[in-house]
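Enquirer: One structure, pasted below without further comment.
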Amino acid sequence: MSILTKSVKSLASKSLLPLTILSVGKGLISAINNFKRPDGELGSFSRPIPKYDSHIPTTLFQKATIAGASSILAISEPTNGVHLAAVGDITSIPFIKKLRDRMLLNEEGRRILKERPEVKFTDSEWNALGALPKNTFGYNYYNYMVSQNISWDTRTPVRFIDDSELAYVMLRHRQIHDFYHTVLGMTISILDELTVKHFEFVQTGLPVGLFAVLVAPVRLDPAERTDFYTRCLPWVNDVGRNTKLLMNT
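Set out below in structure tokens:
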């Protein structure tokens, strides 16, 4: 909670609307801190039992407050993935069951849901990817990650989805984000990131990608914005619609 408090204060000091942002941020913190009842026993209304390791049980009001505050923070601090992850968790709730059901229609998707594999590597496994033939996905994924100086283990855990299977679906969606970058040949520039976000939205129907596409283009320069709307968006929209659901791979 101290990290969230610090983020809110930092944002408020820099924003053109400090009072509004501080008020929303304080509301978020208060909503979480004040979720209490007299009994206070684990498994009670005040202390529900988490459904998985990273789960933070929350009420509908808390979820709405967190989503609102995190949306503001995500726009103002776009490099902080925690805020966007919170928005993704909460806004996905009405849609994530449909994505899970689409996975259940596919044999590989059913296997993934049963076994719940995660994108993680030992040092030797990671280095082995770089030794694969250059025409393999593993090599190109490794090369992309190294060239962009990013790590596979930086994805924010799912925290606000109250069903463990649906939380896994969201986690997989988050963990294979860099797979999309690899297959689409995209870097981590804002233009390329927005292109990947739209691909994710078309593929999965989860609204966090659409949120990014609607808001983040203001951070592009005029030439990049024109390129995004006239070239990247139509192209990746077609690719997303004509590609099988990559959540099943």
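First residue of the sequence shown? That's 1 in UniProt numbering, and the numbers climb one at a time after it. Where a beta carbon is used, it is the ideal one built from N, C-alpha and C, also for glycine. Keep in mind that this is a model prediction, so the values were computed, not measured.
Taking the alpha carbon of Gly209 as the point to measure from, which residue in Val82, Thr91, Leu60 and Glu165 has its own alpha carbon closest?
Expert: For the purposes of this step, residue 209 is taken as residue 209 along the sequence shown, with counting starting at 1. Closest option to Gly209, Cα to Cα, is Thr91.
Enquirer: Shortest alpha-carbon distance to Val119 belongs to which of Gly138, Asn106 and Ala131?
Expert: The count along the sequence shown starts at 1 and reaches residue 119 at position 119. Taking only the C-alpha atoms, the option nearest Val119 is Gly138.
Enquirer: Looking at the structure shown, is Ser70 part of a helix, part of a strand, or coil, going by DSSP?
Expert: Residue mapping note: residue 70 aligns to position 70 of the sequence shown, counting from 1. It is helical.
Enquirer: With DSSP collapsed to three states, give me the class of Ile93.
Expert: Against the sequence shown, residue 93 aligns to sequence position 93. Note: Ile93 maps to coil in three-state DSSP.
Enquirer: Can you have a look at Val146 and say buried or exposed, based on whether 16 or more other CB atoms are within 10 angstroms of its CB?
Expert: Counting from 1 along the sequence shown, the entry for residue 146 is found at position 146. Looking at its Cβ environment, which holds fewer than 16 other Cβ atoms inside 10 Å, Val146 is exposed.
Enquirer: Ordered along the chain, which non-local residues of its own chain (more than five positions away) have a Cβ less than 8 angstroms from that of Leu113?
Expert: Along the sequence shown, one-based indexing puts residue 113 at 113. Same-chain partners within the cutoff: Arg100, Met103, Leu104, Glu165, Tyr168 and Val169.
Enquirer: Can you find the residues in the same chain that come closer than 6 angstroms, C-beta to C-beta, to Phe95, ignoring five residues on each side of it along the sequence?
Expert: In the sequence shown, residue 95 corresponds to position 95, counting from 1. Cβ within range, chain order: Gly205 and Leu206.
Enquirer: By a C-beta neighbour count over all protein chains shown, 10 Å radius and 16 as the cutoff for buried, is Arg241 buried or exposed?
Expert: On the sequence shown, position 241 is the one that residue 241 refers to. Flag for Arg241 reads exposed.
Enquirer: Along the alpha helix (DSSP H) that carries Thr112, what are the first and last residues, could you check?
Expert: Here residue 112 is taken as the residue at index 112 of the sequence shown, counted from 1. The question names Thr, yet the displayed sequence has Ile at residue 112. It spans Glu107 to Glu115 - the alpha helix (DSSP H) in which Ile112 sits, taken as one unbroken run.
Enquirer: For Leu60, which of Leu194, Thr182 and Asp162 has the nearest alpha-carbon?
Expert: The residue you call residue 60 lines up with position 60 of the sequence shown. Measuring from the Cα of Leu60, the nearest candidate turns out to be Asp162.
Enquirer: What number of angstroms, rounded off, separates the C-alpha of Pro133 from the C-alpha of Asn140?
Expert: If you number the sequence shown from 1, residue 133 lands on position 133. If you number the sequence shown from 1, residue 140 lands on position 140. C-alpha separation (whole angstroms): 9 angstroms.
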